[in-house]
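Novice: Before we start, here is the structure in question, set down as structure tokens.
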Amino acid sequence: MILRCLTRRAGAAQSWAGASSRRTPPLTRSTYSIPALVNHDELEKNGVPGLLSPQGFRIAYTDYQQHMVDELNESTAGTVFENQEPKALVIETSRDPTKAYLFNVASMAFNNHFFFRGINTDPHVRSEPTVDLTNQIRNDFSSLDTLRETFLATAEAMFGPGFVWLVQTNNTQLGSLRILPTYLAGSPLSAAHYRRQSHDLNTHNADSYQALNSVGTFGSAAKQKVGPKMPLGGIDVVPLLCVNTWEHVWLHDYGVKGKRKYLEKWWNRIDWNLVIQNVTILRKYDGRFEYR
0 MILRCLTRRA GAAQSWAGAS SRRTPPLTRS TYSIPALVNH DELEKNGVPG LLSPQGFRIA
60 YTDYQQHMVD ELNESTAGTV FENQEPKALV IETSRDPTKA YLFNVASMAF NNHFFFRGIN
120 TDPHVRSEPT VDLTNQIRND FSSLDTLRET FLATAEAMFG PGFVWLVQTN NTQLGSLRIL
180 PTYLAGSPLS AAHYRRQSHD LNTHNADSYQ ALNSVGTFGS AAKQKVGPKM PLGGIDVVPL
240 LCVNTWEHVW LHDYGVKGKR KYLEKWWNRI DWNLVIQNVT ILRKYDGRFE YR
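The sequence shown begins at 0 in numbering that gives the first Met the number 0 and counts up by one.
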């Protein structure tokens with residue numbers, strides 16, 4: 000559950016106080032709806048083959064995404080944010096600490112949909128990286144197996160909910176593909192890095208912890224309405240795939256001790272076509288890397 004604290008949407012206290020006397024819920028305009036997935040009807044009926052049961056899918060996507068949609072509709076109705084895509088909301092509200100709740104809801108709506116969109120839901124198709132993508136993975140992680148083990152270990156080590164992403168940066172010296180954990184409703188989107196995002200030291204060694212940048216504090220740069228796309232110290236990244244580590248996604252089907260099993264089964268259901276659509280392959284020419 001996302002804590003609202005002092006950043007809950009306006010009118011929440013009054014709504015709670017008057018709940019007992021209200022006979023019918025207030026009418027809100029439905030500008031957001033649950034995005035349909037490939038084979039959506041089959042997923043509702045049979046679940047995600049090899050990953051989630053019908054009830055598990057219903058909890059993790061249908062019910063949870065509907066909850067986020069309902070919150071988006073209620074939080075943006077009649078405001079300047081109405082009708083904006085969740086991705087745009089994430090970026091715009093990341094600069095304003097008073098919009099923390101809307102940021103969390105929009106970010107979770109975007110992240111959860113990205114996660115499910117990146118799952119291969121066809122039981123008759125085994126999705127695999129292309130030769131070019133495999134070579135890129137070898138350049139940055141030495142092998143696909145190394146990427147798998149590092150990625151799953153990072154996700155397994157997260158003590159709490161969040162997402163683990165495979166992202167691409169424009170850094171050709173240290174490797175363009177990176178593993179990026181985000182916590183709770185944190186966002187990997189470069190322009191959303193004004194929002195302070197917590198770090199779990201289970202997924203960082205001492206050296207990497209010292210190198211973590213401090214972007215996301217709510218200083219004068221965060222309050223600017225115009226300015227650079229990214230905050231100072233931010234890194235431009237493109238999300239390629241992610242896994243959802245929130246307990247409601249895997250607890251129903253895998254039990255309290257089943258997180259690792261869930262992660263392994265998810266890896267086997269990755270839709271690498273989504274990665275291929277977003278990745279930019281680096282090719283080496285005369286000792287120099289160039290994007291192609």
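For every residue, glycine included, the Cβ atom is placed at its ideal position computed from N, Cα and C.
#1: With a threshold of 16 other CB atoms inside 10 Å of the CB of N119, please say whether the residue is buried or exposed.
#2: Rounded to whole angstroms, what's the CA-CA distance from R94 to V248? Just pull it up for me.
#3: Where does V237 fall in DSSP's three states?
#4: Name the residue from I280, S142, N243 whose alpha carbon lies nearest to the alpha carbon of E263.
#5: Just checking, does the segment 156-170 make contact with the segment 181-188 on the three C-beta pairs under 8 Å criterion?
#6: Count the other CB atoms within 10 Å of the CB of R268; is the residue buried (16 or more) or exposed (fewer)?
#7: If the criterion is Cβ atoms closer than 9 Å, does the pair D270 and R116 meet it?
#8: Please tell me whether T97 and A105 are closer than 9 Å, where the distance is taken between their beta carbons.
#9: Between which two residues does the beta strand (DSSP E) holding L178 run?
#10: Any idea what DSSP makes of L50, helix, strand or coil?
#11: Which residues does DSSP list as the beta-bridge partners of I118?
#12: Which residues mark the beginning and the end of the alpha helix (DSSP H) in which F140 is found?
#13: Taking the alpha-carbon of F113 as reference, which of T153, Y100, E41, V166 has the nearest alpha-carbon?
Specialist: Quick look at the numbers:
#1: N119 should be labelled buried.
#2: For the pair R94 and V248, the Cα-to-Cα distance works out to about 29 Å.
#3: Of the three classes helix, strand and coil, the one that applies to V237 here is strand, per DSSP.
#4: When I280, S142, N243 are compared, the shortest CA-CA separation from E263 is found for N243.
#5: Enough Cβ pairs lie closer than 8 Å, so yes.
#6: Buried: at least 16 other Cβ atoms inside 10 Å.
#7: D270 is a Cβ neighbour of R116, given a cutoff of 9 Å.
#8: It is not a contact, given that the beta carbons lie outside the stated cut-off.
#9: The sequence given here places Ile at residue 178; Leu does not occur at that position. Here the beta strand (DSSP E) through I178 covers 176-182.
#10: If DSSP states are grouped into helix, strand and coil, L50 belongs with coil.
#11: DSSP links I118 through a beta bridge to I269.
#12: Per DSSP, F140 belongs to the alpha helix (DSSP H) from 130-140.
#13: Measuring from the Cα of F113, the nearest candidate turns out to be V166.
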